[in-house]
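Participant:
Residue numbers (the numbering used here): 4 to 460.
#1: Taking Cβ positions, are residue 117 and residue 180 nearer each other than 9 Å?
#2: Use the C-beta contact count for residue 436: other C-beta atoms within 10 angstroms, 16 or more gives buried, fewer gives exposed.
#3: Using the three-state DSSP reduction, which class does residue 241 fall into: helix, strand or coil?
#4: Return helix, strand or coil for residue 290, following the three-state DSSP convention.
#5: So, residue 340 versus residue 266, is the Cβ gap smaller than 9 Å?
#6: Alpha carbon to alpha carbon, how far is residue 120 from residue 219? Give it in angstroms, no decimals.
#7: Assign residue 12 to one of three DSSP states: helix, strand, or coil.
#8: Just to confirm my understanding: we take residue 347, look at its own chain, exclude 5 residues before and 5 after, and list those with CB closer than 8 Å. What are they?
#9: Relative to the alpha-carbon of residue 318, which residue among 286, 298, 293, 328 has its alpha-carbon at the smallest distance?
#10: For the 8 Å Cβ check, are there 3 or more pairs between the segment 270-281 and the segment 102-111?
#11: Taking the straight line between their C-alpha atoms, what separation do you get for residue 243 and residue 282?
#12: According to DSSP, is residue 33 helix, strand or coil?
#13: Which one of 245, 254, 208, 69 has the shortest CA to CA distance from residue 320?
#14: Hey, could you find the ends of the beta strand (DSSP E) residue 154 is sitting in?
#15: Starting from residue 46 and walking both ways along the alpha helix (DSSP H), at which residues does that stretch end?
#16: Using three-state DSSP, classify residue 229 as helix, strand or coil.
#17: Where does residue 245 land, buried or exposed, given buried means 16+ other C-beta within 10 angstroms?
#18: Measuring alpha carbon to alpha carbon, tell me which of 284, 72, 139 ends up nearest residue 236.
#19: How is residue 147 classed by DSSP in three states: helix, strand or coil?
#20: Please classify residue 54 as buried or exposed, where buried requires at least 16 neighbouring CB atoms within 10 angstroms.
#21: Just curious, the alpha helix (DSSP H) that residue 380 is in, first and last residue?
#22: Which ranges does the beta strand (DSSP E) cover as unbroken runs of at least 3 residues, wholly within the segment 159-217, from first to last along the chain?
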């Protein structure tokens with residue numbers, strides 16, 4: 004491994020990207036005839052609940068008429084506490100969007116990806132691939148090279164972090180992506196920031212110079228029909244505080260009829276070149292972006308962003324790329340971040356609007372800069388503290404669990420306008436369970452088969 008903090012932890016759910024679960028589960032069960040009389044009163048109560056929910060403009064939380072079949076794909080999600088989450092699959096998927104508290108959208112978005120591009124010392128492109136083991140999607144992005152060999156990649160989840168290691172043996176390149184969400188014990192100011200940092204460590208284990216680029220692509224919306232509603236637009240940005248600079252692309256849109264801005268950003272530092280593509284069509288072939296990267300591993304950043312808004316039926320995606328020059332036997336690091344700014348929300352009843360706690364950070368640009376500047380500090384705080392003997396048990400390792408994702412992926416909402424919640428003291432935090440915030444020594448509980456379902460909770 005590299006000198007950066009990329010060594011896989013002792014505990015964690017570890018699996019190859021070509022892993023297939025052998026358990027086949029179906030929660031869509033039907034009562035037997037002799038059981039029907041006993042469940043009729045419950046059925047009438049449920050019908051009454053559904054009628055009242057629909058009448059009040061609310062979506063039933065328990066919708067047994069549109070049951071979803073469980074998918075065994077989920078890994079550690081991204082996002083802080085009370086600001087919404089975006090699920091990640093262990094194969095690299097961006098899936099299961101929870102932008103509004105308690106409402107989940109089970110879409111896997113093919114356009115949300117990482118791409119690796121490798122050029123040799125002569126500037127010739129020798130490798131370019133989407134870092135996903137999936138085949139080419141049926142609709143869109145047909146010009147991209149998919150189907151990364153899953154046996155050459157390993158995933159490990161130890162919430163609030165996750166690692167994915169990609170081996171490219173034909174070019175002796177190893178890529179290590181470290182995903183970090185701000186879920187930190189006793190630090191609720193930072194823990195409410197919605198987003199995650201993706202720290203890429205690139206090892207050139209060959210004996211020759213290589214130019215290696217990592218590109219993050221992300222589209223508007225959550226993968227549903229609303230994504231094609233129109234009125235979405237993007238812009239490039241650059242943000243500097245105290246000599247630290249990040250740049251990237253913002254996507255402005257509405258999600259569930261509430262204003263929302265996505266920001267994909269990269270940190271500027273010596274040896275890392277950052278380039279952008281503010282807009283491309285995720286429903287098209289993706290040829291322009293693919294050929295742009297293949298030329299020199301960079302994107303042709305325009306001098307100004309287009310303010311063209313999408314029309315009904317159109318979608319929009321952006322890309323941010325980082326490129327490193329690595330001599331043989333050398334290691335480099337690049338830092339990317341994804342944040343979302345959805346400051347004002349309402350629940351399905353729409354009776355009251357709430358402002359989210361992170362509003363004191365102004366906008367998505369500031370949040371992206373904070374992710375890229377503070378992820379090392381967050382990691383050190385999120386690690387298991389060895390000086391707490393009450394957490395050392397005699398239980399076998401596989402019994403230990405670390406489940407703070409139950410806070411981030413649940414109905415949790417951290418409001419801005421309730422002063423009694425604005426405190427750094429865990430004693431006043433409404434959940435009052437600081438042991439859930441990363442202090443447990445053990446792994447993300449994917450060794451429990453009953454959790455291999457559509458929902459983690």
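Positions of the beta carbon are idealized from the N, C-alpha and C atoms, including for glycine.
All figures in this text were calculated on a predicted structure; none of them were measured in a lab.
Facilitator: For this structure:
#1: Here residue 117 refers to the residue found at position 114 of the chain shown. Here residue 180 refers to the residue found at position 177 of the chain shown. Yes.
#2: The residue labelled residue 436 in the question sits at position 433 within the chain shown. Below a pLDDT of 50, predicted positions are generally treated as unreliable, and residue 436, at 39, falls in that range; no measurement from the model is reported.
#3: The count along the chain shown starts at 1 and reaches residue 241 at position 238. Strand, per DSSP.
#4: Walking along the chain shown from the start, residue 290 turns up at place 287. Residue 290 falls in the helix class under three-state DSSP.
#5: The residue given as residue 340 occupies position 337 in the chain shown. The residue given as residue 266 occupies position 263 in the chain shown. Here residue 340 is near residue 266, since their CB atoms are less than 9 Å apart.
#6: In the chain shown, counting from the first residue as 1, residue 219 sits at position 216. In the chain shown, counting from the first residue as 1, residue 120 sits at position 117. So the two alpha carbons sit approximately 12 Å from each other.
#7: Translated into positions along the chain shown, residue 12 becomes position 9. In the three-state DSSP reduction, residue 12 falls in the coil class, being neither helix nor strand.
#8: Along the chain shown, read from residue 1 onward, the residue named residue 347 stands at position 344. Correct list, in chain order: 261, 262, 356, 357, 358, 359.
#9: On the chain shown, position 315 is the one that residue 318 refers to. Among 286, 298, 293, 328, the Cα nearest to that of residue 318 belongs to 286.
#10: Result no; under three Cβ-Cβ pairs closer than 8 Å.
#11: Taking the chain shown and counting its residues from 1, the one referred to as residue 243 is at position 240. Taking the chain shown and counting its residues from 1, the one referred to as residue 282 is at position 279. Cα to Cα, residue 243 sits roughly 23 Å from residue 282.
#12: The count along the chain shown starts at 1 and reaches residue 33 at position 30. Of the three classes helix, strand and coil, the one that applies to residue 33 here is coil, per DSSP.
#13: For the purposes of this step, residue 320 is taken as the residue at position 317 of the chain shown. For residue 320, the nearest C-alpha among the options comes from 254.
#14: On the chain shown, position 151 is the one that residue 154 refers to. In the DSSP assignment, residue 154 falls outside any beta strand (DSSP E), carrying neither H nor E.
#15: Counting from 1 along the chain shown, the entry for residue 46 is found at position 43. Its alpha helix (DSSP H) spans residues 39-58.
#16: Counted from its first residue, the chain shown places residue 229 at position 226. Correct three-state label for residue 229: helix.
#17: By one-based count along the chain shown, residue 245 stands at place 242. Label assigned to residue 245: exposed.
#18: Here residue 236 is taken as the residue at index 233 of the chain shown, counted from 1. Taking each of 284, 72, 139 in turn and checking the Cα distance to residue 236, the smallest one comes out for 284.
#19: As a position in the chain shown, residue 147 is number 144, starting the count at 1. Three-state DSSP puts residue 147 in coil, outside helix and strand.
#20: Taking the chain shown and counting its residues from 1, the one referred to as residue 54 is at position 51. Its Cβ having fewer than 16 others within 10 Å, residue 54 is exposed.
#21: Counting from one through the chain shown, the residue named residue 380 turns up at place 377. For residue 380, the enclosing alpha helix (DSSP H) starts and ends at 367-385.
#22: Complete beta strand (DSSP E) runs here, min 3: 164-171, 176-183, 198-207.
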